[in-house]
Structure formats: structure tokens, C-alpha cells
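Quick note, the sequences are listed as chains L and H, same order. Here the numbering used here is used: position 83 in the first sequence is 72, and no number is missing along the way. Quick note, the numbering used here runs 1 ahead of the 1-based positions in the second sequence. Backbone N, C-alpha and C define an ideal beta-carbon position, used for all residues, glycine too. Here the structure is a predicted model, which means the values were calculated and not measured. Below: the structure, in C-alpha cells.
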Amino acid sequence: MSERAAKPEVVESALSATYWQGLREGRLLLQACGVCGALRHYPRLLCTACFSDVVTWRAASGRGHIHSWTVAHHAFHVGFRDELPYTLVTVDLEEGPRALGRWQGETPRIGMAVRARFETAPAAVELWFEQDGLAR
Amino acid sequence: MGLKDAACVTGIGETAYVRGSRKSAFELQVEASLKAINDAGIHPSDIDGVIPIGIVSGIAEDFVDNFGIRDLRYSALIPHGGASPVMALQAAATVLATGVCRHVLITFGRNVSAGSNKAGARIHNMPQFHYVTEFEHPLGNSAPAQIYAPMARRHMELYGTTVEHFGAVAVACRAHAALNDNAIMRTPITLEDHRNSRMIADPFRLLDCSLESDGGAAVVVSAADVAADGRHRRVFIAGVAVGHPDSPVSITQRPDMTSLGIAKAAPRAFAMAGVTPADIQVAEIYDCFTYAVIRQLEDLGFCKKGEGGPFVADGRLRLGGALPTNTHGGLLSQAHVWGLNHIVELVRQLRGDGGRAQVAGAELGLVTGYGDLGDGALAIMRRA
Ligand SMILES: [Zn+2]
């Protein structure tokens, strides 16, 4: 296969544009309620603690722990066929919210300490995680 | 006024389940609907409530149009994926108990062989999946197998659930499908076949995943007094309830991804019916994945959280076991029509029409629905 099939394109919304701009700048931005400060992710309209729609953004450290994971052995979208098998991790960020990312490294374990990094893909910036404490 | 015993399933209908049907989803839906209406012993125009399931086939007006329904009194769209058919039983029971309707049709048809409607592609067109579509699809989290896999992985790591436990569910469903002439996968399998099937989304292997298939299924639900004049022994909806997870956002965002909406619904339905899990003689449990059966058995109260794996081992779910489950073969081996086939099968069992898969003396049974990443519903039915 010489031509690489495109991955699904990111379709941003007014609510999420700041999040995606953050990724492009190498930062994992979380919504922080402008009234009570509660953090939320993925980006949405209201704070579930106080129902305010006032939003500020806070950069997460990118550090957290593996909540769960899977390894994809079958491509349900043609854009991932050349990357099989690939691993997806769900990460409990140290700030509280949970994030999904691609995984670089040996088979993850639930509870493993991880850190974020950002990879520029043809259509968008991808959030990746790797084991924390390893040399880059 | 309550819903307990206010409504009966009076008619059931299914098309042949196949792959590569040349009929449209709506044609399949109409065929199943007419069978269910005929089975109920009524005329198509007697239907006064319609709940079409899903968004890929007919809407209520299509049935008004084709069935000559002159006075439609109720219609609803219940957008909760595979939980919708059992949720529709709750909606039907509500409008039958309150006298709004006399006969409600719940109907579904699909043709996935066309390709554009395969699971991976389909869900991204559903509005409630917008978080998955925007934030997870571009990372390669596309299809239900991938989206549900981390739940199963966490259950395995927290509770020691094993590949063999998943396999026990697959083997039981296949054994039952082997007894069913309208099941797509009828060749018996072993635990070894399960373990050796190719990995799709770790820990899900091919034989952990439900089928993609074409077909239609439908039921008619009637007010209990009206149903007394029906052709069959009455099958009452004794208890029915729905439940949603704490957050509708994608599974990655759930506080506890191993417990879902049906855990909230189960105590409500059992209390309404006045029975306990130990009373259930046959169960039809939504089996999009093997793991989903294990997790629902826990959430329903058949065993404690984390004990679902050992619970399904040793043939408990097989005919002759303590809790015969998915006696038609389920989504795993009969066909995938969003679990309407589970409702049809439970009614068949309670009428005593289960054929070679009949659970002897079955009087009380349970059916569940599960969809949209965590919405759940259950109905407890008993025969007159
Ligand atoms: Zn707030």
C-alpha cells in the first residue's frame, strides 16, 4: 500500500476549539469552571457542580495513572490499518478528569504512572501517553 | 396505578435472520411487524401506538401509511441503542396502563450488509456519540468493540475475570443457537475455539463479539384486559424499569466503568414484579459482547460485583443449568436486531413454544437491553 488512507478528521466546535488549539501548542487544556473552579473534560457547556457556563482553561500537567487500556488488532477505520496493532489508554489525570490517548511503550498496567506527549499527525495533533519516569 | 401486570406481549414476529439480505431495512421491519400483528390475532389497523426502534428504518407515519392506522394515539422515538426495545416495553406499558392505547407495536429492521451501516461507521452518525466522534474517533477509538474493551480489561484486572469466563458465555449462546433453525451461527464451539479466535480489541476476540446481521423483529404489546381475548396464553409484563449511567459521556469518562445504568433499574423492576433474581427461570440478556452478560448479571443482582465470571462458569447459563440464558443464541450467535429478538424469545419461552430450547416449566423470565455505552433496561415477564 503506497497511499496512506486518511484518519478521521477532527471536527471542532465552538466549545472545544480552545482544547484543540492547546493540543497544537503542546498543552493538554481542561475546562475549569469560571465560578466554582471545578474541572471538566471533555469540553461541554455547563459545569456539573454549579451549572455555570463561564469557562476558563487550565493546562494539565499531563501526568496521571492508567485507568484501563485496550490493544486494537482490527481496524474499524481504514486510516488505522497500517498502525495495527495499536494501544489506547484511559488515564486518570492527576488533576482529576480522565483522558484517552494513544500509547507508546510496553504493555500498560492499570495504575502505571504515565505522562503525556503530543504527536503531530497529518490532520491533527494526537495526545499520546508513555510510562512516566523513563528517559525521553 | 402501576405498571405491574398492566400489559401483555400478545404478538411476536421475526424475519429470517441472514447476511446479505436484498430487502431494505423497512421491508424487513414491515414483514416482522405483520407477523407480530397476525400472531396477536388483530388487524394492522388495530394498532394505535407505534414505537419504531432505531433511526435506520421506518418512522411511525410509515406504519400509519402502510397499515391504514386511522387513529394513531401514541408514538415515540427512544434513542438509546440496544436498550431501546426493552425501554419501549416500559413506554408501551405506560400508555396501555393509562388507557391511552390498546395495542402498541414495537418494531425494528436493519440491513447492515449494504456496508454504510456497519457498527464502526454507524455510531458516529448518532448524535449522542458526539464526544466519542470528536475526541476519540480521531485516535482510533471507533467501534463498540474498542470502546467497551477497557471496561472488560478493568473488570479482569480488578476481579480476576478470565478469558474462560468470557468463553463460557460464547459457548452457551452457540449451544443454544445450534437448536434454533433461525440462528445464523449454528456450529457448536468450545472454550478452545473461543480462545483461539482472532483478537479484535484486546481482551475481545472475534467470538466475544456479536454478529452483524440483517433482519427484522417486532412485538405487539396490548392492555392486559384486551389481551384476554388474544390467541395465546397471556405473557404479562410484571416489572419493567430503565436506568442510565451517572454520565452519558463516553465510557472513558465514567467514574466507574464497570457498573452501568441497569444497576439502577434492576431493584425497581424486581420490586415492581415482587420477585427476586433467584425466582427467574430463564433470562435473555443483551449480549453485544460476552463481557456485557457477565457485567449485567452482577448489576441485576444474580451475583455480587466481581463474581460474574465464576457465576457463568460450569454451564450455569446452558439449558439444564441453573439460569438458562439466551436460549435463542443471542446477539452472539442468533442475530443482532438490537435485542428485540431477546424479547421475542422470552415470550416464546413463557408460552412454552421454545422448541428444542424450551426451558421446562418456565413461568417467570427476564429480558435486558443495553445500549449507547451504558443505558440499560430490564423487563420481568410471567405467564398467566
Ligand atoms: Zn462550577
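Within chain H, the C-beta atoms nearer than 7 Å to that of L:P(-3) come from H138, P139, in chain order. Around the beta carbon of H:T291, a 10 Å sphere encloses 16 or more other beta carbons of the protein chains shown; the residue is thus reported as buried. Those residues placing their Cβ nearer than 6 Å to any heavy atom of ligand 1 are, following chain order, L:C22, L:V24, L:C25, L:A27, L:C36, L:A38, L:C39, L:S41. Bounds of the beta strand (DSSP E) holding H:M200 are 200 to 202. Non-local beta-carbon contacts of H:A171 in its own chain, meaning distances under 7 Å to residues more than five positions away in sequence, involve I190, H195, L208, D209, T291, L333 in chain order.
The Cβ-Cβ distance between H:Q91 and H:V243 falls below 8 Å. Secondary structure at H:D315: helix, using DSSP grouped into helix, strand and coil.
Closest in C-alpha terms to H:R206, from the list H:D300, H:T163, H:D47, comes H:T163. Taking 4 residues as the minimum length, the alpha helix (DSSP H) runs contained wholly in the segment 160 to 205 of chain H are 164 to 178, 192 to 197, in order along the chain. Per DSSP, H:R23 lies in no alpha helix (DSSP H) and is assigned neither H nor E. Membership of L:T109 in the beta strand (DSSP E) is indicated by the continuous run 102 to 109.
Neighbourhood of L:R91 in chain H, by CB distance below 8 Å: L140, G141, in chain order. The Cβ of H:Y132 sits closer than 8 Å to at least one Cβ of chain L. Taking H:E299 as reference, the option from H:L320, H:P268, H:G322 with the minimal CA-CA separation is H:P268. Shown in chain order are the members of the segment 47 to 77 of chain L whose Cβ falls below 9 Å from a Cβ of chain H: H56, S57, W58, T59, V60, A61, H62, H63, A64, F65, H66, G68, F69, E72, P74, Y75, T76, L77. Contact of L:T79 with chain H is assigned, a C-beta pair being separated by under 8 Å. For H:F64, the enclosing alpha helix (DSSP H) covers residues 61 to 68. Cβ-Cβ distances below 7 Å link L:E83 to S50, R52, G53 in the same chain, with the five nearest sequence neighbours on each side left out; the list follows chain order. A contact between stretches requires three or more CB pairs, one per stretch, nearer than 8 Å, and the segment 277 to 296 of chain H meets this requirement with the segment 354 to 370 of chain H. The beta-carbon of L:R16 is placed no less than 8 Å from the nearest beta-carbon of chain H. Burial check for H:I56: the Cβ neighbour count within 10 Å stays below 16, so the residue is exposed. Annotation for H:F237: the continuous beta strand (DSSP E) segment containing it runs 236 to 244. Here H:C102 is buried, its C-beta having at least 16 other C-beta atoms within 10 Å. When the five nearest sequence neighbours on each side are left out, the beta carbons in the same chain lying within less than 7 Å of the beta carbon of H:A228 are those of C9, T11, R235, in order along the chain. Judged by DSSP secondary structure, H:V283 falls within the beta strand (DSSP E) whose first and last residues are 283 to 285. Fewer than three beta-carbon pairs drawn from the segment 23 to 30 of chain H and the segment 72 to 79 of chain H are found closer than 8 Å, and the two stretches are therefore not classed as touching. Leaving aside the five residues that flank L:D81 on each side, the residues in its chain whose CB is nearer than 6 Å to its CB run, in chain order, G53, H54, H56, R87. In terms of Cβ geometry, H:A184 and H:A178 form a close pair [threshold 8 Å]. The beta carbon of H:S248 sits closer than 8 Å to those of Q254, R255, P256, all from its chain and outside the five residues before and after it, given in chain order. In this chain, the alpha helix (DSSP H) harbouring L:W9 covers 6 to 13. In summary, the residues of the segment 154 to 171 of chain H whose CB is separated from some CB of chain L by less than 7 Å are R154, R155, E158, in the order they occur in the chain. By alpha-carbon distance to L:T96, the top candidate from L:L19, L:W58, L:K(-4), L:A(-5) is L:W58. Residue pairing for H:G377: DSSP places it in a beta bridge opposite H:G244, H:Y371.
Under the 8 Å criterion on CB atoms, H:P151 is classed as interfacial with respect to chain L.
Shown here for H:A219: same chain residues with a beta carbon closer than 6 Å to its own, the five before and five after excluded, namely G14, A33, S34, A37, T108 in chain order. From the beta-carbon of H:D376, no residue of chain L is found nearer than 8 Å; the closest lies around 18 Å away.
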